[in-house]
Amino acid sequence: MDKKDIAAALEEIGTLLDLAGENPFKVRAYQNAARAIEQIPGNLDDAVVSGKLREVKGIGEGISQKIAELHATGSLGYLDELRAKIEPGLLEMLKIHGLGPKRIRLIRETLGITTLGELEYACKENRLKLLEGFGEKLQENVLRGIEDLKKYKDRHLWVEAHHAAEQVITLLGGVRGVSDPQAAGSLRRCRETVGDIDVLAAVEPKDRARVAAALTGSKLAASVIGSGDTKVSFRTPHGLGCDVRMITRAEYPYTLHHLTGSKDHNAAMRGRAQKLGFKMNEYGLYKGERLVPCASEDEIFAALKLQYIPPELRENMGEIEAAESDAIPALLQKDDLLGVMHVHTSWSDGRNPLDEMVRAAKDLGFSYVGIADHSRSAAYAGGLSPERVREQRKEVRAAEDRIGVRVLFGIESDILPDGSLDYDKKTLDLFDFVIGSVHSKFNMERGEMTRRILKAMEDPHLSMVGHLTGRLLLAREPYEVDQEVVLHAAARFGVVMELNANPNRLDLDWRILRQAAGLGVLVSINPDAHEVEGLSDTFLGVGIARKGWLSAKDVLNTRSAKEALERMKRN
DNA sequence: GCCGTTTTCGGCCCGACTGTTTTCAGTCG
Numbered sequence: 029m030d031k032k033d034i035a036a037a038l039e040e041i042g043t044l045l046d047l048a049g050e051n052p053f054k055v056r057a058y059q060n061a062a063r064a065i066e067q068i069p070g071n072l073d074d075a076v077v078s079g080k081l082r083e084v085k086g087i088g089e090g091i092s093q094k095i096a097e098l099h100a101t102g103s104l105g106y107l108d109e110l111r112a113k114i115e116p117g118l119l120e121m122l123k124i125h126g127l128g129p130k131r132i133r134l135i136r137e138t139l140g141i142t143t144l145g146e147l148e149y150a151c152k153e154n155r156l157k158l159l160e161g162f163g164e165k166l167q168e169n170v171l172r173g174i175e176d177l178k179k180y181k182d183r184h185l186w187v188e189a190h191h192a193a194e195q196v197i198t199l200l201g202g203v204r205g206v207s208d209p210q211a212a213g214s215l216r217r218c219r220e221t222v223g224d225i226d227v228l229a230a231v232e233p234k235d236r237a238r239v240a241a242a243l244t245g246s247k248l249a250a251s252v253i254g255s256g257d258t259k260v261s262f263r264t265p266h267g268l269g270c271d272v273r274m275i276t277r278a279e280y281p282y283t284l285h286h287l288t289g290s291k292d293h294n295a296a297m298r299g300r301a302q303k304l305g306f307k308m309n310e311y312g313l314y315k316g317e318r319l320v321p322c323a324s325e326d327e328i329f330a331a332l333k334l335q336y337i338p339p340e341l342r343e344n345m346g347e348i349e350a351a352e353s354d355a356i357p358a359l360l361q362k363d364d365l366l367g368v369m370h371v372h373t374s375w376s377d378g379r380n381p382l383d384e385m386v387r388a389a390k391d392l393g394f395s396y397v398g399i400a401d402h403s404r405s406a407a408y409a410g411g412l413s414p415e416r417v418r419e420q421r422k423e424v425r426a427a428e429d430r431i432g433v434r435v436l437f438g439i440e441s442d443i444l445p446d447g448s449l450d451y452d453k454k455t456l457d458l459f460d461f462v463i464g465s466v467h468s469k470f471n472m473e474r475g476e477m478t479r480r481i482l483k484a485m486e487d488p489h490l491s492m493v494g495h496l497t498g499r500l501l502l503a504r505e506p507y508e509v510d511q512e513v514v515l516h517a518a519a520r521f522g523v524v525m526e527l528n529a530n531p532n533r534l535d536l537d538w539r540i541l542r543q544a545a546g547l548g549v550l551v552s553i554n555p556d557a558h559e560v561e562g563l564s565d566t567f568l569g570v571g572i573a574r575k576g577w578l579s580a581k582d583v584l585n586t587r588s589a590k591e592a593l594e595r596m597k598r599n
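Quick note: the first sequence uses this note's numbering, first residue 29, plus one each step.
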């Protein structure tokens, strides 16, 4: 180890001690020592061996021993211990402007938050501003700081990629010579996270230089990676990589299909083409040397004797086989949704009051809205006491009359560690529906967690299981739970399963949705909205539902309020 | 954890700024 490495190690010790709440002067001692060691002239070996290290101002008994250990072995037990004690996410939080060790420790201790993703979620749920010494402004700053940090990560939530792509498409739409700009890739397939954005547009060769210049000269291209005859690559101000492909009108459907992928889907499609005597690539479908003219993706599939395969299904997970026999179902559409469930209000941790949420849901065209604030045990989120439940019930009924839209009175009840719901029977009887969610003790062993959720499902008050795995995309791994066992229980008990459409969750995962539908389990697409804007997440859930092969009949909130209530009734 | 000296422990850089709270704590440079 050279001076620089050792200085870095000492610096790291200082930072970790700071986060651990150590004496700030001890922290500074390490920081001073780090600087001191970089100042030592000449080779470090001599100083270590001769013991001259101790003569350097800022390096005393303890630190000189640690330097010796680092120098001799390349590692340091003390540092390893500290690293094991302090979560790496807390180190990342230090990079956020406005957060120092004190506040980070408060966040860690009161909210149990250890990753940036969890912190972001807490900001969006308005939990950060409730901490002592925090407020609206600081919460906003933290959120902005997290956004900045995320710029440099290589994967992005679907919704972020979508917004970026919309901007690129809008820009292209305004450039002369461009037609049909649209997104392809994993974004079009509605994957829950997206790496790069692929956009294609029909542009005749003579216009391409001008279109490329319009892109590279725009604010959307924060840095240009490359610009050629057919492709412009750049990074957006949010750090997303974006490839814009320019092709001819004739190539368009083939390239659209090719760039939409997935890779496995494309390989299987080429295999099928070959079997039928065609050759297929990103520029066309050929019979011998002759191009088979297709004006749309629809016609490409038809040429290969396949039913049209919606982009969301193109994962080579049985869609081609299904299309062979016309077995691709009519997938759910946005317009199929009649109601919206799992809506929070300022009664617990929502940003907007009940009336505003209900009005906003009505304005979005929903004919009913299911309020579900947090239950008693969710103290961090302002969970409702049994008394507050009764007060809110009156308010909900009054809002229904006042606003003129059906309002269902529900609750998002914590599923307590022992599997019970969060209220006594008399209180539970007051709700039109009960969503049961795990919000605590995530670290249970798989069998234990599964039993916990099954026990809650046995209670006939439970209508629906919320965000089954508890995952936060790009932030928190799902907790251990046997999802299949839960789905089978849901089928047996007639319990609805939530597809939580919050872009950070998208939970149930699309990979298991299809199985749920196969078991006859009804899925409810819920925004888990904590503010007016969050209600629209319901539509994001539609993409995931489609990706999980769901049709309108598989979804609770495509039913009328009356029928939805009947389907949620147990006994 | 280091320093200095007062040899055994008290002091360690500090002002501007922000956002909170209403007199100040925490962060930043």
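From the three backbone atoms N, C-alpha and C, an ideal C-beta is built for every residue, glycine too.
Taking Cβ positions, are residue i and residue j nearer each other than 8 Å?
i    : j    : result
R595 : V523 : no
N585 : I540 : no
L144 : A409 : no
A230 : Y280 : yes
A351 : Q335 : yes
R217 : R56  : no
V203 : A242 : yes
G126 : N169 : yes
Y282 : L332 : no
E18  : K157 : Since the first residue shown for the chain is 29 and the last is 599, residue 18 is missing from the structure and cannot be characterised.
S491 : D442 : no
V417 : V397 : no
D401 : T373 : yes
L366 : D460 : no
P555 : L185 : no
A192 : H285 : no
E232 : G205 : yes
A519 : L536 : no
Could you tell me which residues DSSP pairs with residue i in its beta bridges?
i    : result
C270 : I225, F262
V493 : G464, M525
S579 : Note: S579 sits in no beta bridge, so no partner.
S255 : V260
I399 : V371, F437
A230 : S207, I275
R504 : L500
D535 : N528
Pull up the CB-CB distance for residue i and residue j, whole angstroms please, since I reckon it's below 8 Å.
i    : j    : result
G464 : G438 : Going by Cβ atoms, the distance from G464 to G438 rounds to 11 Å, so no, they are not a contact pair.
L287 : R277 : Not really, about 16 Å apart at Cβ, beyond 8 Å.
W538 : G569 : The pair is not a contact, with the Cβ atoms about 10 Å apart (cut-off 8 Å).
A62  : E39  : 4 Å
K94  : E66  : About 16 Å; that fails the 8 Å criterion.
L496 : V509 : 7 Å
R421 : E428 : Not really, about 11 Å apart at Cβ, beyond 8 Å.
L360 : R219 : Rounded, the Cβ-Cβ distance is 17 Å, inconsistent with contact.
I225 : A189 : 6 Å
G447 : K483 : 3 Å
Give the single residue among the options whose Cα lies nearest to the Cα of residue i.
i    : options                : result
T455 : P414, L47, M485        : P414
G316 : A193, S324, P116, L304 : L304
V227 : L215, E220, L118, L515 : L215
N471 : A484, P506, G447       : P506
G346 : N309, D292, K362, P381 : D292
A301 : S261, I348, L284       : I348
L436 : I481, R238, A112, K590 : K590
W375 : I356, A355, A407, F394 : A407
A529 : G546, G548, D565       : D565
L458 : V424, L110, K483, V466 : V424
P626 : G475, G289, G140       : This structure leaves residue 626 out entirely; the chain is present only between 29 and 599.
R238 : Q167, A250, K259       : K259
M121 : I91, K178, G88, G79    : K178
G173 : K181, K123, A296       : K123
A48  : T244, I135, A100, T264 : I135
T264 : V252, I275, T138       : V252
Query raised in the report: What are the start and end residues of each continuous beta strand (DSSP E) run of 3 or more residues lying completely inside the region 403-480, in chain order?
Result: 434-442, 461-465
Query raised in the report: In chain order, which alpha helix (DSSP H) runs of at least 4 residues are fully inside the region 538-573?
Result: 538-546
**Report entry** Completely contained alpha helix (DSSP H) runs for the region 288-352, where each covers 4 or more residues
**Finding:** 291-303, 325-331, 347-352
Query raised in the report: In chain order, which continuous runs of the alpha helix (DSSP H) of length 4 or greater are located wholly inside the region 49-128?
Result: Here the runs fully enclosed are 52-67, 72-78, 89-101, 105-113, 116-121.
Query raised in the report: Where in the region 183-220 do unbroken runs of the beta strand (DSSP E), each at least 3 residues long, occur, reported from the N-terminal end onward?
Result: Taken in chain order, the complete beta strand (DSSP E) segments of 3 residues or longer contained in the region 183-220 are 206-211.
Query raised in the report: Curious, which full-length beta strand (DSSP E) runs of at least 3 residues does the region 351-381 contain?
Result: Secondary structure in the region 351-381: the beta strand (DSSP E) runs of 3 residues or longer, each lying completely within the stretch, are 367-371 in chain order.
Report task. Let me know the alpha helix (DSSP H) ranges lying completely inside the region 139-172, each 4 residues or longer, listed in chain order. Result -> 144-152
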